[in-house]
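Only one structure is covered here, and it is reproduced in the block below.
Residue numbers (the numbering used here): 5 to 198.
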(Lines of atoms letter the chains of each structure in order from A and count residues from 1; the text may use other names and numbers.)
(Lines give C-alpha, C1' and ligand atoms only; values in the text may rest on other atoms or scores of the structure.)
Protein backbone atom coordinates (compact mmCIF):
# COMPACT_ATOMS: atom_id res chain seq x y z
CA UNK A 1 0.00 0.00 0.00
CA UNK A 2 1.28 3.44 -0.90
CA UNK A 3 1.89 5.96 1.86
CA UNK A 4 -0.31 9.02 2.33
CA UNK A 5 1.05 12.02 0.46
CA UNK A 6 1.39 15.18 2.53
CA UNK A 7 2.17 18.21 0.37
CA UNK A 8 4.40 20.90 1.84
CA UNK A 9 4.36 24.31 0.19
CA UNK A 10 4.66 28.03 0.77
CA UNK A 11 6.00 31.12 -0.90
CA UNK A 12 9.65 31.87 -1.49
CA UNK A 13 11.47 32.32 1.83
CA UNK A 14 8.66 30.82 3.91
CA UNK A 15 10.86 28.02 5.29
CA UNK A 16 9.83 24.95 3.26
CA UNK A 17 13.30 23.43 3.18
CA UNK A 18 13.80 23.99 6.90
CA UNK A 19 10.48 22.29 7.71
CA UNK A 20 11.24 19.45 5.28
CA UNK A 21 14.58 18.90 7.04
CA UNK A 22 12.80 18.81 10.39
CA UNK A 23 10.32 16.19 9.16
CA UNK A 24 13.23 14.19 7.77
CA UNK A 25 14.91 14.42 11.17
CA UNK A 26 11.79 12.84 12.68
CA UNK A 27 12.21 9.91 10.27
CA UNK A 28 9.59 10.97 7.71
CA UNK A 29 10.63 10.39 4.06
CA UNK A 30 10.78 13.69 2.14
CA UNK A 31 10.90 14.31 -1.61
CA UNK A 32 11.75 17.82 -2.86
CA UNK A 33 10.10 18.16 -6.28
CA UNK A 34 11.97 21.40 -7.03
CA UNK A 35 15.24 19.50 -6.57
CA UNK A 36 13.95 16.66 -8.76
CA UNK A 37 13.14 19.19 -11.50
CA UNK A 38 16.60 20.78 -11.28
CA UNK A 39 18.27 17.37 -11.46
CA UNK A 40 16.19 16.30 -14.46
CA UNK A 41 16.88 19.52 -16.34
CA UNK A 42 20.63 19.25 -15.81
CA UNK A 43 21.31 15.51 -15.99
CA UNK A 44 18.51 13.87 -17.99
CA UNK A 45 19.17 13.83 -21.76
CA UNK A 46 15.51 13.29 -22.67
CA UNK A 47 14.44 16.24 -20.56
CA UNK A 48 17.16 18.50 -21.97
CA UNK A 49 16.32 17.58 -25.57
CA UNK A 50 12.62 18.38 -24.95
CA UNK A 51 13.59 21.76 -23.47
CA UNK A 52 15.85 22.59 -26.41
CA UNK A 53 13.14 21.53 -28.88
CA UNK A 54 10.68 23.86 -27.13
CA UNK A 55 12.90 26.88 -26.40
CA UNK A 56 15.88 26.65 -28.75
CA UNK A 57 19.61 26.56 -28.16
CA UNK A 58 19.56 29.95 -26.44
CA UNK A 59 18.91 28.04 -23.18
CA UNK A 60 22.24 26.18 -23.49
CA UNK A 61 25.67 27.15 -22.24
CA UNK A 62 28.67 26.94 -24.56
CA UNK A 63 29.40 23.36 -23.40
CA UNK A 64 25.86 22.20 -24.32
CA UNK A 65 24.57 22.01 -20.74
CA UNK A 66 21.46 23.83 -19.60
CA UNK A 67 21.77 27.49 -18.69
CA UNK A 68 19.11 27.58 -15.97
CA UNK A 69 19.20 31.38 -15.68
CA UNK A 70 18.64 31.79 -19.42
CA UNK A 71 15.73 29.35 -19.31
CA UNK A 72 14.23 31.14 -16.30
CA UNK A 73 14.62 34.58 -17.88
CA UNK A 74 12.99 33.36 -21.08
CA UNK A 75 10.08 31.50 -19.48
CA UNK A 76 9.17 33.31 -16.32
CA UNK A 77 8.41 36.68 -17.90
CA UNK A 78 5.76 35.08 -20.13
CA UNK A 79 2.83 33.03 -18.81
CA UNK A 80 2.51 31.02 -22.06
CA UNK A 81 6.20 30.08 -22.00
CA UNK A 82 5.94 29.15 -18.31
CA UNK A 83 2.99 26.90 -19.18
CA UNK A 84 5.06 25.30 -21.97
CA UNK A 85 7.93 24.67 -19.57
CA UNK A 86 5.54 23.17 -17.00
CA UNK A 87 3.96 20.92 -19.64
CA UNK A 88 7.43 19.43 -20.24
CA UNK A 89 8.70 19.30 -16.67
CA UNK A 90 5.67 18.29 -14.59
CA UNK A 91 5.02 14.86 -16.19
CA UNK A 92 8.73 14.00 -15.90
CA UNK A 93 8.79 15.12 -12.26
CA UNK A 94 5.61 13.19 -11.44
CA UNK A 95 7.11 10.07 -13.01
CA UNK A 96 10.12 10.40 -10.67
CA UNK A 97 7.75 10.98 -7.75
CA UNK A 98 5.86 7.77 -8.60
CA UNK A 99 9.08 5.75 -8.74
CA UNK A 100 10.18 7.18 -5.38
CA UNK A 101 6.78 6.48 -3.78
CA UNK A 102 6.93 2.84 -4.86
CA UNK A 103 10.06 2.45 -2.71
CA UNK A 104 8.60 4.00 0.48
CA UNK A 105 7.40 1.93 3.44
CA UNK A 106 6.26 4.78 5.67
CA UNK A 107 2.63 5.57 6.63
CA UNK A 108 3.06 9.01 5.08
CA UNK A 109 5.64 11.01 3.16
CA UNK A 110 6.26 14.71 2.65
CA UNK A 111 6.21 16.03 -0.92
CA UNK A 112 7.85 19.46 -0.89
CA UNK A 113 7.12 21.77 -3.84
CA UNK A 114 7.15 25.54 -4.23
CA UNK A 115 4.37 25.53 -6.86
CA UNK A 116 2.33 22.61 -5.53
CA UNK A 117 -0.90 24.61 -5.60
CA UNK A 118 -0.21 26.50 -8.83
CA UNK A 119 0.63 23.28 -10.71
CA UNK A 120 -2.50 21.44 -9.59
CA UNK A 121 -0.29 19.06 -7.61
CA UNK A 122 -2.40 19.47 -4.47
CA UNK A 123 -5.00 17.19 -6.10
CA UNK A 124 -2.54 14.28 -5.79
CA UNK A 125 -2.04 14.92 -2.07
CA UNK A 126 -4.00 13.47 0.84
CA UNK A 127 -3.36 16.69 2.79
CA UNK A 128 -1.49 19.97 2.29
CA UNK A 129 0.69 21.84 4.78
CA UNK A 130 1.15 25.53 3.98
CA UNK A 131 3.91 27.66 5.46
CA UNK A 132 3.12 31.33 5.94
CA UNK A 133 5.49 34.15 6.85
CA UNK A 134 5.40 37.93 6.53
CA UNK A 135 6.78 39.16 3.22
CA UNK A 136 9.43 41.32 4.90
CA UNK A 137 10.75 38.31 6.83
CA UNK A 138 10.72 36.17 3.68
CA UNK A 139 12.70 38.84 1.80
CA UNK A 140 15.30 39.00 4.61
CA UNK A 141 15.72 35.21 4.49
CA UNK A 142 16.14 35.15 0.71
CA UNK A 143 18.67 37.99 0.72
CA UNK A 144 20.59 36.32 3.59
CA UNK A 145 21.03 33.18 1.43
CA UNK A 146 22.91 35.33 -1.09
CA UNK A 147 21.60 33.58 -4.22
CA UNK A 148 18.91 36.06 -5.26
CA UNK A 149 18.44 39.81 -5.36
CA UNK A 150 15.36 41.67 -4.17
CA UNK A 151 14.33 42.05 -7.83
CA UNK A 152 14.53 38.26 -8.34
CA UNK A 153 12.59 37.74 -5.10
CA UNK A 154 9.82 40.09 -6.32
CA UNK A 155 9.75 38.37 -9.72
CA UNK A 156 9.31 34.92 -8.13
CA UNK A 157 6.74 36.30 -5.69
CA UNK A 158 4.68 37.64 -8.60
CA UNK A 159 4.53 34.16 -10.19
CA UNK A 160 3.43 32.38 -7.03
CA UNK A 161 -0.12 32.33 -5.68
CA UNK A 162 -0.90 34.60 -2.75
CA UNK A 163 -1.35 33.59 0.89
CA UNK A 164 -5.16 33.85 0.78
CA UNK A 165 -5.27 31.15 -1.91
CA UNK A 166 -2.76 29.06 0.05
CA UNK A 167 -4.89 29.33 3.19
CA UNK A 168 -8.02 28.22 1.30
CA UNK A 169 -6.26 25.09 0.03
CA UNK A 170 -4.41 24.23 3.24
CA UNK A 171 -5.31 21.38 5.55
CA UNK A 172 -2.63 22.55 8.01
CA UNK A 173 -1.02 25.97 8.37
CA UNK A 174 2.33 26.70 9.99
CA UNK A 175 3.07 30.36 10.76
CA UNK A 176 6.83 30.87 10.46
CA UNK A 177 7.54 34.38 11.71
CA UNK A 178 9.25 33.32 14.92
CA UNK A 179 12.36 31.47 16.02
CA UNK A 180 13.70 28.18 14.73
CA UNK A 181 12.72 26.54 18.03
CA UNK A 182 9.13 27.79 17.68
CA UNK A 183 9.06 26.35 14.16
CA UNK A 184 10.43 23.04 15.42
CA UNK A 185 7.66 22.88 18.04
CA UNK A 186 5.01 23.52 15.34
CA UNK A 187 6.44 20.70 13.21
CA UNK A 188 6.73 18.34 16.18
CA UNK A 189 3.08 18.95 17.12
CA UNK A 190 1.91 18.56 13.55
CA UNK A 191 4.02 15.43 13.00
CA UNK A 192 2.17 13.79 15.87
CA UNK A 193 -1.24 14.46 14.29
CA UNK A 194 -0.58 13.47 10.68
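The beta carbon of each residue, even a glycine, is placed where N, CA and C say it ideally should be. It should be emphasised that the depicted structure is a prediction, and the values quoted were computed from it without experimental measurement.
Annotated three-state conformation of residue 182 is coil, per DSSP.
Assigned with DSSP and collapsed to three states, residue 119 falls in coil, not helix or strand. Looking at 27, 30 and 21, the one whose alpha-carbon comes closest to that of residue 37 is 21.
Per the Cβ contact rule, the stretch 137 to 152 is not in contact with the stretch 98 to 107 (fewer than 3 Cβ pairs under 8 Å).
According to the DSSP assignment, residue 133 belongs to the beta strand (DSSP E) that extends over 131 to 136. Per DSSP, residue 94 is one residue of the alpha helix (DSSP H) stretching across 83 to 105. Residue 116 and residue 194 do not touch by the CB rule: their CB atoms are close to 14 Å apart, not below 8 Å. Contact check for residue 19 against residue 170 fails: the beta carbons are separated by 9 Å or more.
A straight-line Cα-Cα distance of about 28 Å links residue 190 and residue 158. Secondary structure note for residue 56: its alpha helix (DSSP H) is the uninterrupted segment 49 to 59. For residue 198, the secondary structure class from DSSP, reduced to helix, strand or coil, is coil.
Residue 112 and residue 80 have their alpha carbons spaced roughly 33 Å apart. Residue 83 and residue 165 have their C-alpha atoms spaced approximately 13 Å apart. Taking C-beta atoms as the reference points, residue 45 and residue 5 fail to come closer than 9 Å.
The DSSP-derived three-state label of residue 125 is helix.
Taking all protein chains in view, the Cβ of residue 28 is surrounded by fewer than 16 other Cβ atoms within 10 Å, so the residue is classified as exposed.
Taking every protein chain shown into account, the CB of residue 13 has 16 or more other CB atoms within 10 angstroms, so this residue is buried. Straight through space, the alpha carbons of residue 126 and residue 179 are spaced by roughly 20 Å.
For residue 11, the secondary structure class from DSSP, reduced to helix, strand or coil, is strand.
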